[in-house]
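Asker: Quick one: the structure is below, and I'll ask about it shortly.
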Amino acid sequence: MPLKTPRAILFDLDGTLADTAPDLAEAVNQLRAERGLEPTPYEHLRPVASAGARGLIGAAFGVKPDDAGYEDLRVRFLNNYEAKLVVKSKLFDGIPDLLKQLEARGLAWGIVTNKASRFTDPLVPQIGLGHAGCVVSGDTTPHTKPHPAPLYEAASRLQLAAHECWYVGDDLRDIQAGRAAGMQTIAAAWGYCGHVAPASWEADALLHDPLQLLDLIKP
Numbered sequence: 003m004p005l006k007t008p009r010a011i012l013f014d015l016d017g018t019l020a021d022t023a024p025d026l027a028e029a030v031n032q033l034r035a036e037r038g039l040e041p042t043p044y045e046h047l048r049p050v051a052s053a054g055a056r057g058l059i060g061a062a063f064g065v066k067p068d069d070a071g072y073e074d075l076r077v078r079f080l081n082n083y084e085a086k087l088v089v090k091s092k093l094f095d096g097i098p099d100l101l102k103q104l105e106a107r108g109l110a111w112g113i114v115t116n117k118a119s120r121f122t123d124p125l126v127p128q129i130g131l132g133h134a135g136c137v138v139s140g141d142t143t144p145h146t147k148p149h150p151a152p153l154y155e156a157a158s159r160l161q162l163a164a165h166e167c168w169y170v171g172d173d174l175r176d177i178q179a180g181r182a183a184g185m186q187t188i189a190a191a192w193g194y195c196g197h198v199a200p201a202s203w204e205a206d207a208l209l210h211d212p213l214q215l216l217d218l219i220k221p
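Here it is in structure tokens:
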């Protein structure tokens, strides 16, 4: 079934617009270094970068949120990350051109992320996304994705109905949230994608390059 032409495109941040995994991995490996441990290989950390502290601490230490010691690791990890927020992080290839072309077509775009505003507010302008139509962080609403509340908030800020927006993300939770909000959903296979194949997410489209998104939008 062809996609309905949107009035706005909403994007996840980590793993969709921005490749932030190198700095996230560095923050968690700094914790390991403080404990005299060898760094966890980057290839083990990158797939879980979209899951934030929970995913990275789990991969680096085998510790879950309910386990003893997790909270201390989480606090220290976030402090490490905040101190070196944009060192190696950058926009994915094709993203600047994509956003420029969306704007040229008169389409609004915004960011909906589970990342807390403590990190999102400084990161977004530093990485070249300061012209977003809206930024909804993980603590903007009482809920985080896969709950649809952040997506409803973003649509409201753009003065649009949710069904007039598409949502693009690299994690199953993104697709679940978009579907729950009544948006058409795009799986960003160029991102981190976790350990569940994006082809199984039941998104409305699966793309391997950001610029392919333009082909889905009717002139």
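Residues in the sequence shown are numbered from 3 upward in steps of one, following my numbering.
Glycine included, every Cβ here is placed at the ideal spot set by N, Cα and C.
For clarity, every value in this text was computed on a predicted model and none was experimentally measured.
Between which two residues does the beta strand (DSSP E) harbouring Y169 extend?
Answerer: 167-171
Asker: Per DSSP, what kind of secondary structure is L1 in: helix, strand or coil?
Answerer: No statement about residue 1 is possible, as the shown extent of the chain runs from 3 to 221 and does not include it.
Asker: What's the C-alpha gap between D25 and R120?
Answerer: 16 Å
Asker: Buried or exposed, going by whether 16 or more other CB atoms sit within 10 Å of the CB of A156?
Answerer: Label assigned to A156: buried.
Asker: Helix, strand or coil: how does DSSP classify L93 here?
Answerer: Of the three classes helix, strand and coil, the one that applies to L93 here is strand, per DSSP.
Asker: Taking just the CA atoms, how far does R9 sit from Q41?
Answerer: The question names Gln, but residue 41 in the sequence shown is Pro. Answer to the nearest angstrom: the Cα atoms are 44 Å apart.
Asker: Which partner residues does G112 have in the DSSP bridge list?
Answerer: L12
Asker: Just checking my contact of A205 with T187 at CB under 8 Å: how many whole Å lie between their CB atoms?
Answerer: 4 Å
Asker: Tell me which residues share the same chain as G57 and place their Cβ nearer than 6 Å to its Cβ, disregarding the 5 neighbours each side in the sequence.
Answerer: For G57, where only same-chain residues beyond five positions count, the Cβ hits under 6 Å are V50.
Asker: Can you tell which of H149, L160, D176, N81 has its C-alpha closest to the C-alpha of S52?
Answerer: D176
Asker: Quick one: what does DSSP say D217 is sitting in, helix, strand or coil?
Answerer: For D217, the secondary structure class from DSSP, reduced to helix, strand or coil, is helix.
Asker: For a test of the three-state rule: what should DSSP assign to V126, helix, strand or coil?
Answerer: In the structure shown, V126 falls within a helical segment according to DSSP collapsed to helix, strand and coil.
Asker: In terms of residues, what are the limits of the beta strand (DSSP E) holding L208?
Answerer: 207-209
Asker: Report yes if the C-beta of W111 is less than 7 Å from at least one heavy atom of the ligand GTP; otherwise report no.
Answerer: Absence of the ligand GTP is noted for the structure shown, with no ligands found whatsoever.
Asker: Would a C-beta distance cut-off of 8 Å place C195 and D172 closer than the cut-off?
Answerer: yes
Asker: Using the Cα positions of G2 and E166, report the straight-line distance between them to the nearest angstrom.
Answerer: In the structure as shown, the chain starts at 3 and stops at 221, and residue 2 therefore has no counterpart that could be examined.
Asker: How is A199 classed by DSSP in three states: helix, strand or coil?
Answerer: coil
Asker: Taking 8 Å as the threshold (C-beta atoms), are A29 and Y83 in contact?
Answerer: Judged by beta-carbon spacing, A29 lies within the 8 Å limit of Y83, meaning their Cβ atoms are closer than that value.
Asker: Rounded to a whole number of angstroms, what is the C-alpha to C-alpha distance between E105 and I97?
Answerer: 12 Å
Asker: According to the Cβ coordinates, are A207 and L218 closer than 8 Å?
Answerer: In this structure, L218 lies closer than 8 Å to A207 by Cβ.
Asker: Assuming contact is defined by CB atoms lying nearer than 8 Å, are R48 and A35 in contact in what I supplied?
Answerer: no
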